[in-house]
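In what follows, a structure is listed as structure tokens, so that the remarks can point back to it.
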Amino acid sequence: MSTPLGAYEGIVRPAVLRQLRQLGEKLAGTRVVHVNSTREGGGVAEILEWMVPIMRELGLDASWEVIDGNAGFFEVTKAIHNGLQGANVAIPLKGWKTYEDVNAKNFDRLRPILEEADIVFIHDPQPAHLLRLCTGRKGKWIWRAHIDISRPFRPVWKALRSMVEPYDASIFSMAQYAQPLPHPQFLVPPSIDPLSEKNRDLPPAEIEAVRSEYGLDPSRPLLVQISRFDRFKDPVGVIAAYHMVRKVAPVQLVLAGGGATDDPEGKAVLEDVMEAAGSDPDIHVLLLPPDSHKTVNALQRLATIILQKSTREGFGLTVTEGMWKGKPVIGGDVGGIRLQVVNHETGFLVNTPEGAAHRIRYLLSHQDGIDRMGATAKEFVRENFLLTRHIREYLTLMLVTLRDIKANTINV
Amino acid sequence: MTPFEVKDCALLTRMSGLPPAFNLRELRERIAVCGENVLFHHFCETTLRGSFDNPDYRNDFAVWSKLYLEDRVLAERLGIMDPYAFPSLGELRAATLEVIDERLGESTTIPWARPGDEFFFMEATTVVFDTGIRISHPRELAASIGAMTGGSLYFHFLEARRRPPFGKDDFTAWLFENNVGQQNDPYVEALARIDFDFHTLPHLRKELVKVLSELEETK
Chain A
8 MSTPLGAYEG IVRPAVLRQL RQLGEKLAGT RVVHVNSTRE GGGVAEILEW MVPIMRELGL
68 DASWEVIDGN AGFFEVTKAI HNGLQGANVA IPLKGWKTYE DVNAKNFDRL RPILEEADIV
128 FIHDPQPAHL LRLCTGRKGK WIWRAHIDIS RPFRPVWKAL RSMVEPYDAS IFSMAQYAQP
188 LPHPQFLVPP SIDPLSEKNR DLPPAEIEAV RSEYGLDPSR PLLVQISRFD RFKDPVGVIA
248 AYHMVRKVAP VQLVLAGGGA TDDPEGKAVL EDVMEAAGSD PDIHVLLLPP DSHKTVNALQ
308 RLATIILQKS TREGFGLTVT EGMWKGKPVI GGDVGGIRLQ VVNHETGFLV NTPEGAAHRI
368 RYLLSHQDGI DRMGATAKEF VRENFLLTRH IREYLTLMLV TLRDIKANTI NV
Chain B
8 MTPFEVKDCA LLTRMSGLPP AFNLRELRER IAVCGENVLF HHFCETTLRG SFDNPDYRND
68 FAVWSKLYLE DRVLAERLGI MDPYAFPSLG ELRAATLEVI DERLGESTTI PWARPGDEFF
128 FMEATTVVFD TGIRISHPRE LAASIGAMTG GSLYFHFLEA RRRPPFGKDD FTAWLFENNV
188 GQQNDPYVEA LARIDFDFHT LPHLRKELVK VLSELEETK
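Order-wise, the sequence lines are chains A and B.
Here the first sequence is numbered in the numbering used here, starting from 8 and rising by one per residue.
Here the second sequence is numbered in the numbering used here, starting from 8 and rising by one per residue.
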């Protein structure tokens with residue numbers, strides 16, 4: 008169910024919502040089509056679930072189309088996805104043929120709406136081939152890359168690049184993710200929804216229920232890292248930091264995440280984590296189902312300090328979520344964590360388990376620092392990383408694209 | 008009194024197309040040839056962008072020099088540069104290059120950033136629109152500014168300094184235009200006391216509201 012814009016009153020300043028409504032007025036009636044490959048599950052669907060209804064509420068004629076595909080198609084697109092992120096994958100010509108055929112079949116169904124649209128957003132590589140097929144298009148086409156393609160496996164990028172180059176513009180989450188392309192490349196970072204199950208305010212009883220469920224001691228500090236069991240999230244390094252802190256402070260640690268069961272690499276990491284945790288009753292390794300949003304929310308609210316000790320990271324939305332709960336974050340000095348965590352302001356950036364332990368001990372002995380950094384972190388997210396900023400940038404992008412894509416200033 | 012028209016703006020950042028800089032010499036080469044929009048973005052538009060405002064320096068070149076080239080001397084010299092004090096972006100560019108050249112001359116080695124820490128050159132488009140809100144008297148300024156978006160504040164109090172009348176924010180220009188019998192002088196003086204370079208937009212809003220409210224209270 009979609010949330011009306013008015014529900015965000017009180018979370019953001021009234022001027023923020025007024026600004027969105029005024030930008031929306033400038034785009035009233037604009038026919039906007041978003042195309043991706045799934046209606047449910049995954050970050051893109053989560054974004055479109057709130058973005059499309061808000062665009063409609065703002066007066067745009069927005070719709071969301073999903074391409075259908077068979078198992079063969081999704082095998083190929085998974086390989087493309089991995090290849091764009093640097094994995095050495097071989098995609099045979101037959102695979103590319105499947106990719107193009109499925110796009111063509113979907114195009115037959117979507118042709119009228121795509122041809123008539125003023126703006127088409129194509130999300131990720133799966134439907135990227137649609138542009139080549141839509142020779143009768145009238146509007147502007149924008150490719151939205153949600154993933155990091157900074158170091159792709161070249162043969163895969165070379166093939167996809169030829170499909171992406173004719174777009175009018177593309178969007179990346181961070182400058183570090185982009186590849187040189189012959190059209191404007193806009194930068195729109197992701198965001199969180201403060202009213203989603205993962206981020207909404209929780210009644211104390213619901214938070215306490217989670218504390219009881221996992222046997223967490225309310226009288227002792229709690230360190231929490233939420234992330235899938237992946238080597239780049241360095242859960243073993245987090246346990247090493249915990250051991251260093253435990254010598255001087257009675258802390259508890261929660262490592263909570265999912266995604267290990269069907270992933271051989273994840274399984275191996277989880278085994279290493281369990282071995283490192285040993286029989287310590289104060290280390291809680293929680294393998295959560297993908298829909299455990301409320302549990303994650305409560306754990307972040309129970310935390311004294313949020314950890315995200317990644318050695319490689321995308322934007323790091325778990326950092327944003329932790330900061331929204333008013334907690335300081337100790338994060339790896341990588342990726343988008345750097346855009347959010349600033350030493351002594353919203354938390355600390357660290358490079359080693361020793362660095363993490365040092366900063367945890369510092370914070371535990373400076374409660375005022377925990378409170379101050381947590382408050383700063385929450386306000387920083389309110390200003391920069393809520394969905395209201397995200398929708399503003401999409402509206403701005405549409406105005407720019409429809410008026411003058413290379414202008415420095417546009418008066419509307 | 009002519010009403011003050013409250014505008015708003017929204018910023019959209021994009022890659023400039025210049026290759027990233029890995030070391031100080033490359034930074035110099037790119038700054039020498041980049042568009043003025045790129046220079047303006049890294050010096051002035053940083054306050055409107057979604058990243059934590061660096062507590063030490065306001066422009067991206069100073070921040071990069073400190074964090075990734077680990078050259079604190081250069082960071083300090085670049086960090087004190089006030090982009091609004093230069094009559095043109097060409098002069099701002101020349102002054103920036105002068106600082107970098109001086110540092111290159113002093114250094115025995117060229118400072119490098121680690122892979123992944125390179126400087127990405129960006130630029131932005133600003134979409135400006137009329138909010139329909141009007142301020143008809145200086146005593147309304149505090150409340151109006153308190154209710155503004157960061158975009159409005161940036162447009163009227165910071166970006167305005169690059170538009171004619173050069174060096175003046177829009178509020179001050181409006182107060183001057185309507186300064187019958189010097190009645191607006193206290194407002195002008197109050198605004199002039201704010202060292203805007205050291206405030207994030209939310210802090211700047213608070214500071215403006217504070218000084219203007221104090222002025223009303225003393226009347």
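Yeah, the Cβ is synthetic: ideal placement off N, Cα and C, and Gly gets one too.
Nothing here was measured: the structure is a model prediction, and the numbers come from that model.
Return the chain-ordered ranges of every beta strand (DSSP E) run that is complete within the region 12 to 90 of chain A and spans a minimum of 3 residues. 38 to 43 and 68 to 73
Length-filtered (4 minimum) alpha helix (DSSP H) runs lying within the region 221 to 298 of chain A: 242 to 253 and 271 to 284
For G79/A and P99/A, I'd like the C-alpha separation in whole angstroms. By one-based count along the first sequence, residue 79/A stands at place 72. By one-based count along the first sequence, residue 99/A stands at place 92. Taking the straight line from one Cα to the other gives about 12 Å.
Between V258/A and chain E, is the shortest Cβ-Cβ distance under 8 Å, so that the two count as touching? No chain E is present in this structure, whose protein chains are A and B.
Are the CB atoms of H153/A and V42/A within a distance shorter than 8 Å? The residue labelled residue 42/A in the question sits at position 35 within the first sequence. The residue labelled residue 153/A in the question sits at position 146 within the first sequence. The answer is no: Cβ separation not under 8 Å.
Please report the Cβ distance between T9/B and N185/B, rounded to the nearest whole angstrom; I am assuming they are in contact, meaning their Cβ atoms lie under 8 Å. Here residue 9/B is taken as the residue at index 2 of the second sequence, counted from 1. Here residue 185/B is taken as the residue at index 178 of the second sequence, counted from 1. At roughly 6 Å, the Cβ-Cβ gap stays under 8 Å, so T9/B and N185/B are in contact.
In whole angstroms, give me the CA-to-CA distance for M155/B and T84/A. Looking up residue 155/B in the second sequence gives position 148. Looking up residue 84/A in the first sequence gives position 77. Approximately 45 Å between the Cα atoms of the pair.
Is it buried or exposed for D177/B, if we count other Cβ within 10 angstroms and need 16 for buried? Walking along the second sequence from the start, residue 177/B turns up at place 170. Buried: at least 16 other Cβ atoms inside 10 Å.
On the CB-based measure, 16 or more other CB atoms within 10 Å of its CB, does Q29/A come out buried or exposed? On the first sequence, residue 29/A is found 22 positions in, with the first residue counted as 1. Classification for Q29/A: buried.
Run through DSSP, which three-state label would L19/B get? By one-based count along the second sequence, residue 19/B stands at place 12. In this structure, L19/B counts as strand in the three-state DSSP scheme.
Is there a Cβ of chain B sitting closer than 8 Å to that of R161/A, yes or no? What you label residue 161/A is simply residue 154 of the first sequence in a count that begins at 1. It does not: the Cβ of R161/A has no partner Cβ on chain B nearer than 8 Å.
In terms of alpha-carbon separation, which member of R227/A, V23/A and D237/A lies closest to L260/A? Indexing the first sequence from 1 puts residue 260/A at position 253. Ranking R227/A, V23/A and D237/A by Cα distance to L260/A puts R227/A first.
Where the alpha helix (DSSP H) containing I201/B begins and where it ends: For the purposes of this step, residue 201/B is taken as residue 194 along the second sequence, with counting starting at 1. Segment: none, I201/B is in no alpha helix (DSSP H) and carries neither H nor E.
Sequence-distant residues of its chain with Cβ nearer than 7 Å to T302/A (five each side left out): As a first step, residue 302/A is located in the first sequence; it is residue number 295 there, counting from the start. Once the five neighbours on either side are set aside, the close Cβ partners of T302/A are V217 and L295.
Is M380/A helix, strand or coil by DSSP? In the first sequence, counting from the first residue as 1, residue 380/A sits at position 373. Residue state, collapsed to three classes: helix.
Interface residues of chain A around S151/B at Cβ under 7 Å? In the second sequence, the residue the question calls residue 151/B occupies position 144. Simply none; closest approach about 10 Å.
Closer than 7 Å by beta-carbon distance: list the chain A residues that pair up with R21/B, in chain order. One-based indexing of the second sequence puts residue 21/B at position 14. In chain order: P191, Q192, F193 and L194.
Chain A within 8 Å of V70/B, Cβ atoms only: Indexing the second sequence from 1 puts residue 70/B at position 63. With 8 Å as the cut-off, V70/B does not count as an interface residue toward chain A.
When you compare each of T325/A, S317/A, R235/A and Q232/A to T359/A by their alpha carbons, which one comes out closest? Here residue 359/A corresponds to residue number 352 of the first sequence, with the count starting at 1. Cα-wise, what sits closest to T359/A is S317/A.
Over the uninterrupted alpha helix (DSSP H) stretch that includes Q347/A, give me the two end residues. Here residue 347/A refers to the residue found at position 340 when the first sequence is read from its first residue. Run containing Q347/A: I344 to Q347, per the alpha helix (DSSP H) assignment.
Distance between beta carbons of S177/A and L188/A, contact taken as under 8 Å: Reading the first sequence from its first residue, position 181 is the one you call residue 188/A. Reading the first sequence from its first residue, position 170 is the one you call residue 177/A. Yes, L188/A and S177/A are in contact; Cβ-Cβ is about 6 Å, under 8 Å.
In the structure shown, what three-state DSSP assignment does L406/A receive? Stepping through the first sequence from its first residue, residue 406/A is reached at position 399. Here L406/A sits in helix by DSSP.
In terms of alpha-carbon separation, which member of G86/B, F205/B, T207/B and L198/B lies closest to K217/B? Counting from 1 along the second sequence, the entry for residue 217/B is found at position 210. Nearest option by C-alpha distance: L198/B.
Would you kindly report the start and end of the unbroken alpha helix (DSSP H) that includes K165/A? Reading the first sequence from its first residue, position 158 is the one you call residue 165/A. Element bounds for K165/A: R161 to V171.
Could you tell me which chain B residues have their CB closer than 9 Å to the CB of V39/A, listed as they occur along the chain? One-based indexing of the first sequence puts residue 39/A at position 32. Ordered by position in chain B, no residue passes the 9 Å Cβ test against V39/A, which lies about 16 Å from the chain.
Give a yes or no on whether 8 Å exceeds the smallest Cβ distance from T268/A to chain B. Counting from one through the first sequence, the residue named residue 268/A turns up at place 261. Since pLDDT at T268/A reaches only 47, below the 50 mark, its modelled position is unreliable, and the value read off the structure follows with that caveat. Taking Cβ atoms only, chain B never reaches closer than 8 Å to T268/A, which makes this a no.
May I ask you to check if the CB of S169/A is nearer than 7 Å to at least one heavy atom of the ligand COA? Of ligands this structure carries none, so the ligand COA is not represented either.
Give me whichever residues DSSP pairs with L208/B in a beta bridge. On the second sequence, position 201 is the one that residue 208/B refers to. Beta-bridge pairing links L208/B to no other residue.
Measure how close the beta-carbons of V258/A and V252/A come, nearest whole angstrom, since I'm counting them as under 8 Å. Looking up residue 258/A in the first sequence gives position 251. Looking up residue 252/A in the first sequence gives position 245. Sure, about 5 Å apart at Cβ, within 8 Å.
Which residues of chain B have a Cβ atom closer than 8 Å to the Cβ of Q315/A, listed in chain order? As a first step, residue 315/A must be located in the first sequence, where it is residue number 308. Residues of chain B passing the Cβ test: none, with the nearest at roughly 15 Å.
Scan the region 401 to 418 of chain A for residues whose Cβ lies nearer than 7 Å to a Cβ of chain B and list them as they occur along the chain. T403, L404, L406, V407, A414, N415, T416, I417 and N418
Can you tell me whether K145/A is buried or exposed, with buried defined as 16 or more other CB within 10 angstroms of its CB? By 1-based counting over the first sequence, the position of residue 145/A is 138. When all chains shown are included, K145/A counts as exposed.
Whose Cβ in chain A lies nearer than 7 Å to the Cβ of G57/B? Counting from 1 along the second sequence, the entry for residue 57/B is found at position 50. Those are P196, N391, F392 and R396, listed as they occur along chain A.
Going by DSSP in three states, F50/B sits in which element: helix, strand or coil? As a working mapping, residue 50/B is identified with position 43 in the second sequence. If DSSP states are grouped into helix, strand and coil, F50/B belongs with the helices.
For the beta strand (DSSP E) containing Q315/A, list its first residue and its last residue. Reading the first sequence from its first residue, position 308 is the one you call residue 315/A. Residues I312 to Q315.
Simplified DSSP assignment, three categories, for D108/B: Against the second sequence, residue 108/B aligns to sequence position 101. Three-state result, D108/B: helix.
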